[in-house]
Amino acid sequence: MIRILNVSKQFKKTETQALLDVSLDIDQGEFVYLIGKSGSGKSTLLKQLYGEVKPTKGHIIFDSLIVNKLKSKELPNLRRKVGVVFQEYKLLEYKTVYENIAYVLEVTGVEEELIEERVMEALKTVGLKHKALDYPQDCSGGEQQRVAIARAIVHKPKVLIADEPTGNLDPRTSLLMLRLLHKINKTGTTVIMATHDYSFVNHMPARVIRLENGQVKSDRSKNHTLLILNNTMGEYYVV
Ligand code: ADP
Ligand code: MG
Numbered sequence: 001m002i003r004i005l006n007v008s009k010q011f012k013k014t015e016t017q018a019l020l021d022v023s024l025d026i027d028q029g030e031f032v033y034l035i036g037k038s039g040s041g042k043s044t045l046l047k048q049l050y051g052e053v054k055p056t057k058g059h060i061i062f063d064s065l066i067v068n069k070l071k072s073k074e075l076p077n078l079r080r081k082v083g084v085v086f087q088e089y090k091l092l093e094y095k096t097v098y099e100n101i102a103y104v105l106e107v108t109g110v111e112e113e114l115i116e117e118r119v120m121e122a123l124k125t126v127g128l129k130h131k132a133l134d135y136p137q138d139c140s141g142g143e144q145q146r147v148a149i150a151r152a153i154v155h156k157p158k159v160l161i162a163d164e165p166t167g168n169l170d171p172r173t174s175l176l177m178l179r180l181l182h183k184i185n186k187t188g189t190t191v192i193m194a195t196h197d198y199s200f201v202n203h204m205p206a207r208v209i210r211l212e213n214g215q216v217k218s219d220r221s222k223n224h225t226l227l228i229l230n231n232t233m234g235e236y237y238v239v
């Protein structure tokens, strides 16, 4: 479904080589952890999947769309297939939880009855129907991230991209978020989650792609993942 072919990205201003000859195939329905230290190129890779950054070399193909060749007026075709969540929740403070989610559908001209049905369905998935009329500031950090997830799935995207979605959450809430992403994956949505927290891989195994200095260092399906706990560093390494 997603094919990344020999993709390199160099940022002109700083001459940083953020990605170097990355090739990957991701199938419909997969759950993928994209792991690697800060600065290893995770966000740059994800941004190319939703057309925010163009590769310097290589191709990105999503279904039948050649993403790197899309003109800006064609981007909505791509964005309809993709939902994105970030470390920051990016909710609009002056809109209620319901309005924050409905907004996504309103701008694409979906009729009002269907909007209500879809928004309530998305809120049910994330367990926040009771918060529909509250404002973001009346929600905890974990709840705000769940609203952001509901907003990202309300248009039923084929892929949910989550870039460090637990970065601002405590460990317990992070695990709830991880479970929620796996639950969404079970409904058929492909999930690609970037994280520098390797311990997630142990909690809920899935495919693990590890980036190091912009290159794919390993790519293991869940059955082949072997984790080693480095006691001195207190970190997990995937080998
Ligand atoms: P990660 O998400 O794994 O922390 P990033 O993809 O954000 O890594 O960054 C990879 C490298 O590219 C880093 O060295 C970063 O400083 C650089 N980089 C990212 N975005 C830009 C940009 N817009 N301009 C210049 N350099 C960038
Ligand atoms: Mg990042």
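The sequence shown begins at 1 in the UniProt record's numbering and counts up one residue at a time. By construction, the Cβ of each residue, glycine as well, lies at the ideal position given by its N, Cα and C atoms. Treat the numbers as computed from the prediction; the structure is a model and nothing was measured.
Query                                                                                                                                                                               : Result
In the DSSP assignment, the beta strand (DSSP E) including GLN215 goes from what residue to what residue?                                                                           : 215-220
Applying the 10 Å Cβ sphere with the 16-neighbour rule, what's the burial state of ASP21?                                                                                           : exposed
Less than 7 Å between the CB of SER8 and some heavy atom of the ligand ADP, yes or no?                                                                                              : no
Mind checking whether ILE161 and TYR50 have CB atoms under 8 Å apart?                                                                                                               : yes
When burial is assigned at 16 or more other CB atoms within 10 Å of the CB, is GLU117 buried or exposed?                                                                            : exposed
In chain order, what residues of the same chain lie with their CB nearer than 6 Å to the CB of THR166, ignoring the 5 residues before and after it?                                 : SER174, MET177
Which residues in the same chain as LYS217 place their Cβ atom closer than 6 Å to its Cβ, once the five residues preceding and following it in sequence are excluded?               : ARG210
Alpha carbon to alpha carbon, what distance is there between LYS37 and VAL53?                                                                                                       : 20 Å
With a threshold of 16 other CB atoms inside 10 Å of the CB of GLN137, please say whether the residue is buried or exposed.                                                         : exposed
Work out the CA separation of SER23 and ILE228 for me, nearest whole Å.                                                                                                             : Reliability of the predicted coordinates at ILE228 is poor, the pLDDT of 48 falling under 50, and the value obtained from them is presented with this limitation in mind. Cα-Cα distance, rounded: 26 Å.
By Cβ distance, which residues of its chain are closer than 8 Å to ASP63, with the 5 residues on each side in sequence left out?                                                    : MET1, LYS81, LYS158
Quick check: the Cα distance between MET233 and LYS47, rounded to an integer number of angstroms?                                                                                   : Low confidence applies to MET233: its pLDDT is 48, below 50, so where it sits in the model is not reliable enough to give any reading.
Less than 8 Å between the C-beta atoms of LEU133 and TYR98, yes or no?                                                                                                              : yes
Tell me whether LYS12, by its Cβ, gets closer than 7 Å to a heavy atom of the ligand MG.                                                                                            : no
Can you tell which of VAL84, ILE61, PHE11 has the C-alpha that lies nearest to the C-alpha of ASP25?                                                                                : ILE61
Do ALA206 and VAL84 have their C-beta atoms within less than 8 Å of each other?                                                                                                     : no
Kindly examine the ligand ADP and report whether one of its heavy atoms sits closer than 7 Å to the Cβ of LYS54.                                                                    : no
Tell me which same chain residues have a C-beta within less than 6 Å of the C-beta of ASP219, skipping the five on either side of it?                                               : ILE209
Ignore the nearest five residues each way along the sequence and tell me which others in SER221's own chain have a CB closer than 6 Å to its CB.                                    : ARG207
Relative to the ligand ADP, is the shortest distance from any of its heavy atoms to the C-beta of GLY58 smaller than 7 Å?                                                           : no
Just confirm the distance between the C-beta atoms of THR190 and GLN28, as a whole number of angstroms; I'd bet it's less than 8 Å.                                                 : 6 Å
Kindly list the residues whose CB is nearer than 6 Å to the CB of HIS182, restricted to its own chain and excluding five residues on each side of it in sequence; keep chain order. : MET204
Do the CB positions of GLU164 and SER40 come within less than 8 Å of each other?                                                                                                    : no
Give me the Cβ distance between VAL147 and LEU91, rounded to the nearest whole Å; I'm assuming they're in contact under 8 Å.                                                        : 6 Å
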